[in-house]
Structures are given as structure tokens and as C-alpha cells.
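Taking it in order: structure first as C-alpha cells, then the write-up.
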Amino acid sequence: MRVNKMSVRMRGFFERIRLSDALKIILSQVKQLGAELVPFPRSLDRVLAENVVSRVDIPPFDRSAVDGYAVRSYDTFGASQTSPKELCVVCAGKTGTESGLRVHKKQAVKLMTGAPMPEGADAVLMVEHAKTKKDNIAVLTSLTPGKNVSIQGEDVRKGEVVLKRCHRIRPQDVGMLASIGHLKVRVFRRPSVAIMATGSELRPPGTRLKPAQITDINSYSLAAGVASCGGVADRLGIVPDDPIAMRQALQKTLRYDVVLISGGSAVGEHDMAPDMVSELGKLIFHGVAMRPGGPTAFGVIKEKPIFCLAGFPVASLVAFDMLVRPALRAMQGLPADWSSLKVKAKLTRKIASSLGCAEVVRVRVWDDSGELLAEPIRVTGSGILSSMTRADGFVVVPENVEGFDKDQDVEVKLYG
């Protein structure tokens, strides 16, 4: 039975699916998650599941936009430095209290920024444009109605949609929620992601390694990747290259929304992750026409998406960025295309690639006298993690393009 499954899987592996087709399949299999209510102070980076509508006007009353004097604009007409108008200061209005004041003809009320406008006043004279004379002021400039006044609802009107569904909440949005008194917001649930690191040779970070042992890197970098796109990662530890242990571990992950299996996705004797997905559910594809990250597999078990990622760190992270990250975003109501930071840059040297395989090339980017340059990082193999830490972003060479020439302008997707 195992031989048959291996032979089927190997045939599929060598018939690699196009990267764009792989992503379409994945997005067709993931579902948008349900919503939950959270207090607005804890809503940062969450994605709105419904529009936020203001129940109040902001500001809630007409108020002074500057420190100065509330006046009737008519009383200032014709005022200038050489021909000032004189007004009587009757009292002062305070910020944070109702004024209960009224401005009559040729009167002024002293105000601080944000103080309510007194009745009868329709403009505010800035302190800099007035000279005080005991209980009077000399007005040195004329004002038009509404000058230096923030009118009620100027910022936000009652009933206005201030934040739209599927919007990711930023720090300034939290401030807006506070200003309109929207104490709880309905957001999409964050996807829970189980991460299994497979391989008998793996050991936790900080362990004194024996010959042939290596440190588990992927489960930590993948967990960080999950967190960076709004998910909640749970590292389940290291699973040895044993079918029984892997089967038991995989069955325990089905309470999560998504499962990432690191390692065991190729076609070696101990690469059994895709077989386990096939045994417990449905293996949809194995092998993507992409470098690095070609051995990636994807399937579902009880409608839960399962990603089998390569054991090599760079291949694992590239597959995460190209295939897993878009899925996690889609589950939260965000566009699958995750890189909003895209720039055009000129290549400092040629990028060679083969037709039929998308090439993901890490690059350094810098500004050279106003022109952005991108330098491909020279690496050999998918295990050189430093190529990721040294990179500012990456360039994708499509499968139908045979590389990019030196000095060619290319699109660079920048890492956050």
C-alpha cells in the first residue's frame, strides 16, 4: 500500500503545478472565518467584519479652532493694522464646559482652543491679531463668517461610515473608534495555525548538537510569519520520522483552522507528510513549479487546509510567503495579494531562470542618487537562511520568462 501511494505521489511531484494555479486551488479551499466582538483598544491589526457607523457628530458642537476671541464677524469688517476696530471683552469661555454665553454687538469672549462657541458669535479672532487694552481689544484684521471655527460634524457626521468592512485597523483608526464612542468592534476571527516540525534529526534551539543533528528553525520562523499576517500560531514541537507518531500528531491538529507541516514534503524515504495527508484526507497537489519551494504539497483533512512545506529554511519561507500568507489573509477578509510595498528597481546584474518554473529571487535594494537598484543575492541551495536576512525583498521571475537582464526594471516586493 505504501509503495503504491509513493509511486502516485512521485508522479504528481514531477508533474509540478504552476504557482498561479496552486494559489487559485488553495484560495478555493479556504473559507472566510467567522466574526467576534473585541474591545476597541485591542482591535489593532484586526480586520473589520462590518462597517463602522458613527452614532455622533465629531466635533459634537461648534468650537474654537484656535486660541483667541469669539466675535461677530460683522463687527470686524474693515479692520486692519492701521485702522483697528475696538471690541469689549465681556468674559472668558473654558474648554470642557458649556459656555452659556452670548456675544452681542461689539463684544468678544476670550476662548481657548476647543472651547464651545458662544451664541451670537460666528468667528474667532486669533490672539496674534488682537491688542489688549484693559477690558477691550483692538481687532487688527477682518474676519469672514466661520473663520477659525470647527463646526459640529465637520470631521464626522452622525450616520457616516467611518471604517469599512475588510479594513485592517491601524493606530489612527483606534483613535477614531474612541472619538465616536464605538467601544466594541466586530472583526474576523484570527486563524489558528498548528505548526509541526518533522524530522528525527531536529533539536530545539539552544541544544548542544550531536553529529547529524540540526536546530529546528522553521517552526519559529513560520510562527513569526503567521503572527505577521494576523494569525495565531501554536508550535506543536518536533515529530520524529515515524509514521505512527506523525499520524497521531496530525490527527491532533484538526482543531486548528490551518496546519503547517515543516519538512518531509519531498520524495525521500523519510518524507512521509504528503502520504499522511492522502491517507487521512485528500492530497490535492504535490510539487509546485517554483524555486525555491518546489516540494510544497497541499491538501485537506476534514475541510482543514494542510500545507506540507520543505525542510530547507529558505524554501519553507518562500512557500509560506507565496502560498500560505495569501490564504491566511483571505481567511480574514483581506486581499490575498499581501505585498502592498512594491517598488520598481533596476537590476545590478542578470537573473537567470528556466522556462516553466517561477523563480523567487531575494534582492538587496538601495537608493543610488534617486534611482532604486536591486542586487540579486548570490546563493546556492535552499538552506542558506542568511540570504533571507540580508534581503530587503524579492523578485518573481514568471514561469514563461527566461530570466531578467542587467539594468532591466523589475518589480520588487519588499519585506515588511
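For the sequence shown, our numbering assigns the number 361 to the initial residue and increments by one for each residue that follows.
Just so you know, even glycine gets a beta-carbon here, dropped at the ideal spot from N, CA and C.
Please read all numbers here as calculations on a predicted model, not as lab measurements.
- Apart from sequence neighbours up to five positions away, the residues of its chain that approach serine 539 with a beta-carbon distance below 6 angstroms are Ile418, ordered along the chain.
- Around the CB of alanine 584, fewer than 16 other CB atoms lie within 10 Å, so the residue is classed as exposed.
- Judged by DSSP secondary structure, glutamate 731 falls within the beta strand (DSSP E) whose first and last residues are 731–736.
- Here aspartate 681 is buried. Its C-beta has 16 or more other C-beta atoms within 10 Å.
- In the DSSP assignment, isoleucine 385 falls outside any beta strand (DSSP E) and within the unbroken alpha helix (DSSP H) covering 379–389.
- In summary, arginine 689 is buried, with 16 or more beta-carbon neighbours lying within 10 Å of its beta-carbon over all protein chains present.
- No Cβ-Cβ contact shorter than 8 angstroms links tyrosine 434 with alanine 490.
- Non-local beta-carbon contacts of phenylalanine 400 in its own chain, meaning distances under 7 angstroms to residues more than five positions away in sequence, involve Val534, Leu537, Ala538, His542, Leu543, Lys544, Val545 in chain order.
- If you compare the alpha carbons of Ile577, Gly474, Gln573, Arg432 with that of threonine 504, the shortest gap goes to Arg432.
- Histidine 646 is classed as buried because its beta carbon has at least 16 other beta carbons within 10 Å across all chains shown.
- As far as DSSP is concerned, glycine 474 takes part in no beta bridge.
- DSSP, reduced to helix, strand and coil, places isoleucine 418 within a strand of the structure shown.
- The residue from Gly624, Val516, Pro551, Lys466 with its alpha-carbon nearest to that of leucine 393 is Pro551.
- One alpha carbon belongs to glutamate 446, the other to proline 420, and they sit about 32 angstroms apart.
- Around the beta carbon of isoleucine 604, fewer than 16 other beta carbons lie within 10 angstroms, which makes this residue exposed.
- The continuous alpha helix (DSSP H) containing arginine 607 extends over residues 603–612.
- Around the C-beta of aspartate 697, fewer than 16 other C-beta atoms lie within 10 Å, and the residue is accordingly described as exposed.
- Between serine 713 and glutamate 762, the C-beta spacing is below 8 angstroms.
- Contact holds between the region 666–683 and the region 640–657, because three or more Cβ pairs, one in each stretch, are under 8 angstroms apart.
- Sequence-distant partners of isoleucine 385 (beyond 5 residues in either direction) whose C-beta falls short of 8 angstroms from its own C-beta, in its chain, are Ile377, Ile644, Phe645, Phe658.
- The DSSP-derived three-state label of alanine 751 is coil.
- Of all C-beta pairs linking the region 395–411 to the region 477–497, fewer than three are shorter than 8 angstroms, placing the two stretches out of contact.
- Taking C-beta separations shorter than 7 angstroms and ignoring five residues to either side along the sequence, the partners of alanine 572 in its chain run Glu561, following chain order.
- Nearest to aspartate 576 by alpha-carbon distance, out of Gly597, Val592, Ala587, Ala593, is Gly597.
- Phenylalanine 548 has its alpha-carbon roughly 10 angstroms from the corresponding atom of valine 398.
- Judged by DSSP secondary structure, methionine 556 falls within the beta strand (DSSP E) whose first and last residues are 552–558.
- In terms of Cα proximity to proline 476, the closest of Val516, Val521, Val449, Asp427 is Asp427.
- Take alanine 439, set aside five residues on each side of it, and the residues of its chain with a beta-carbon closer than 7 angstroms to its own are Lys445, Val499, Leu500, Thr501, Ser502, in chain order.
- Counting only the Cα atoms, leucine 732 lies some 9 angstroms from leucine 707.
- In the DSSP assignment, valine 449 forms a beta bridge with Ala468.
- Taking one beta carbon from each stretch, the region 610–624 and the region 657–671 have 3 or more pairs nearer than 8 angstroms; the two touch.
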